[in-house]
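Since the structure comes first, as structure tokens, the remarks are kept for the end.
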Amino acid sequence: MHLSRPAKARILWFILLTAGTVVMVYPLLWLIGATFRGNTELFASAGIIPLHPVFDGWRRAFSDYGGQINLMRALRNTYLIVIPKVVLTLISVTLTAYGFARFQFRGKRLLTALLFSTVFLPQTVLYVPQFMLFHRLGWIDSSAYLPLIVPAAFAGDAVLVIMLMQFFRGIPKAYDEAAALDGCNSLQTLWYVLVPLLRPALVSVSILQLLWTFNDYMGPLLYVRTPARYPFSVFVKLSMDADSGFEWNRVLAVCCMAMLPQIILYFVMQRFSAPETGGVKE
């Protein structure tokens, strides 16, 4: 049977997309299946379906570790850090990007160059001076997680500032001029006019900050000393006893529970994926 060129192209795209889907989804399915395997079966087969299912991994995943921390408490601690950090990041990054993208002021080029240069600065370089500062402030092992949250109020993530700057520059300044004619000041223009247009970008910033904070290990390890306050990233490490060996199904079950809120968030945020356009003719 002779196929036309468009039909061949569709078949090729279907094959490529199917292969890509398998590559992306297989590790997730394997992870779920591995939570029901013992260590012996886990390392003996790469299949998805367990041959001899066991449920000890899930039962132990919810048990206390050392009597002070468990999975649900670790997740609660994590979101006590994530939620205020995301909110502060949205506020500080939006204001900073707005200032750089919409206003002219003395030293702007120098400050912009410094902002871009911080992107190339490794985070590990900042750990020592930050630790010394927070130690002098008495913030180490703070019950409010101050060393992990407060820096977000000062737009410390230059990558997010630069990303929002580009979005601001893509919005015509005619919006600002129209708002000024209606009597809006700069903050009112930002809140009532520009922020609604930036919703997809703000969602992206929120998701990136959420993932970075959720996966941060060094920060909590440095600044949190009380086991009952450990977030999830440190809790996972605690559940892996390298001296006596550990059950991988328990560790993977913990990881599955940690992934669930993020997967739900991903699907909820899908409706913000399309950028806001239109409204002005240049």
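Our numbering puts the first residue of the sequence shown at 959, with every later residue one more than the last. Positions of the beta carbon are idealized from the N, C-alpha and C atoms, including for glycine.
- Rounded to whole angstroms, the gap between the alpha carbons of Glu1135 and Tyr1037 is 40 Å.
- In the three-state DSSP reduction, Ile1129 falls in the coil class, being neither helix nor strand.
- The region 1216-1228 and the region 1157-1174 touch, with no fewer than 3 CB-CB distances between them shorter than 8 Å.
- Ranked by Cα distance from Arg1229, the first of Met1198, Val1161, Phe1204, Glu1205 is Val1161.
- For Leu1180, the enclosing alpha helix (DSSP H) covers residues 1176-1181.
- A straight line joining the alpha-carbon of Ile1120 with that of Arg1157 spans about 16 Å.
- Ser1101 and His1093 have their alpha carbons spaced roughly 14 Å apart.
- In the three-state scheme derived from DSSP, where H, G and I count as helix and E and B as strand, Ile1098 is classed as coil.
- Using a Cβ distance threshold of 8 Å, Leu1145 and Ile1129 do not count as a contacting pair.
- Beta-carbon to beta-carbon, Val1212 and Ser1191 are separated by about 11 Å, too far to satisfy the 8 Å threshold.
- For the 8 Å CB-CB criterion, Leu989 and Glu999 do not form a contact.
- In the three-state reduction of the DSSP assignment, Ile1222 falls in the helix class.
- Take the alpha-carbon of Cys1142 and the one of Leu1048: they are about 22 Å apart.
- Rounded to whole angstroms, the gap between the alpha carbons of Leu975 and Arg968 is 10 Å.
- Taking a contact as a CB-CB distance under 8 Å, the pair Ala1116 and Leu1073 counts as one, their CB atoms being some 5 Å apart.
- For Ala1113, the secondary structure class from DSSP, reduced to helix, strand or coil, is coil.
- Inclusion of Leu1106 and Val1163 in the CB contact set at 8 Å is not warranted, their separation being larger than that value.
- In the DSSP assignment, Phe1172 falls within the unbroken alpha helix (DSSP H) covering 1157-1173.
- Ile1007 counts as exposed, since fewer than 16 other C-beta atoms from the protein chains shown sit within 10 angstroms of its C-beta.
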